[in-house]
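Undergrad:
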Amino acid sequence: MNNKKLLAVGIILLFTSTVFTSGITTSEPTSNQTIYSDDNGTLSGYVNDTSMSPIGGAIIRAYWDENYFENVSDSSGYYYIDNIPIVFCLWNVSASKKGYKTIWAEMSIGENTTYDFVLTPLGKTLYVGGSGAGNYSKIQSAIDNASDGDKVYVFNGTYYENIVIVKTIELVGEDRNTTIIDGLNKSSVIHVKVESVSIESFTIRNGTNGVYNYYDKTIISHNIIINNDKGIKSSYSKNVNITGNIISKNNYGTNFYTTYDRIIKGNHLLSNKK
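Sequence positions in the sequence shown follow numbering that gives the first Met the number 0 and run 0 to 273.
1) Give the C-beta separation of residue 90 and residue 61 to the nearest angstrom, bearing in mind that I take them to be a contact with Cβ-Cβ under 8 angstroms.
2) Going by DSSP in three states, residue 102 sits in which element: helix, strand or coil?
3) Determine the contact status of residue 45 and residue 116, defining contact as a CB-CB distance below 9 angstroms.
4) Using the rule of at least 16 other Cβ atoms within 10 Å of the residue's Cβ for burial, across every protein chain shown, is residue 94 buried or exposed?
5) Express the C-alpha separation of residue 71 and residue 273 in angstroms, rounding to a whole number.
6) Determine, using beta carbons only, whether residue 149 and residue 125 come nearer to each other than 9 angstroms.
7) Buried or exposed: which applies to residue 190, given that a residue is buried once 16 or more other Cβ atoms fall within 10 Å of its Cβ?
8) Using the Cα positions of residue 241 and residue 43, report the straight-line distance between them to the nearest angstrom.
9) Rounded to whole angstroms, what is the Cα-Cα separation between residue 274 and residue 69?
10) Roughly how many angstroms lie between the CA atoms of residue 21 and residue 205, to the nearest whole one?
11) I need the boundaries of the alpha helix (DSSP H) containing residue 140, first residue and last residue.
12) By DSSP, does residue 154 sit in helix, in strand, or in coil?
13) Here's the rule: buried if 16 or more other CB atoms are within 10 angstroms of the residue's CB, otherwise exposed. What is residue 265?
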């Protein structure tokens, strides 16, 4: 066979190999694929305090993407969650109870996964309003004097402030109907600039944003968020929990941008323009 024929045969073989090879697929996932198993898994364990005494009534939440599961620990501190889809991704799991710092973990959940939580008590409580000796008159002043893990408790009243939170605190109002933070339409009423912040039981009104969150593990629960441009805005964050709020008469009720693994549960969105 002369050189021209050899060259032609080689080209044909190369073309044939390319055509058939391009149709072959493998089971290896690409970076944006999630592989599911046909089976479901379980997650169980105990919740204790730092002295290893059981904590009953702790809420354990497991979530990934749109999948969400929840259980409450019993008097022995034991919890059990079943029928969890087995996926080749990490689940976000948290344990929380009032009076303790919420703890978070990322984990794979298989057929029988166990994980124990140890919760640390919150620090001191700082008071705003009311008639107690040493109470603060401004919410921002109490936050500025708090430490990570503290609680800022706000008595009933109307507080004209634009609050910036840069510490991992719990911010709690006495009654969401009568504990009011008014932003005077200047900027965000509450701007969260650190992870693991909890905001609960306020009326939050008259801001460019009612709550503007830029960090992970933020909890916004049981508030009335009203008459803002954006009720809740959250950007570049994950593990955000928005539960039991009334979000009403805002231009935008909620606005999320690149916010992953969020829990949005039991909220009422009423008369928002968008």
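Don't be surprised by glycine CBs; every beta carbon is placed ideally from N, CA and C. Treat the numbers as computed from the prediction; the structure is a model and nothing was measured.
TA: On the basis of the coordinates in this document:
1) Residue 90 to residue 61, Cβ: 5 angstroms. Contact.
2) Correct three-state label for residue 102: strand.
3) yes
4) buried
5) 36 angstroms
6) yes
7) buried
8) 25 angstroms
9) Limits of the chain in this structure are 0 at one end and 273 at the other, which puts residue 274 out of reach.
10) Confidence is the limiting factor: at residue 21 the pLDDT is only 30, short of 50, which leaves the residue's position unreliable and the question unanswerable from this model.
11) 138-144
12) Reduced to three states, the DSSP call for residue 154 is coil.
13) exposed
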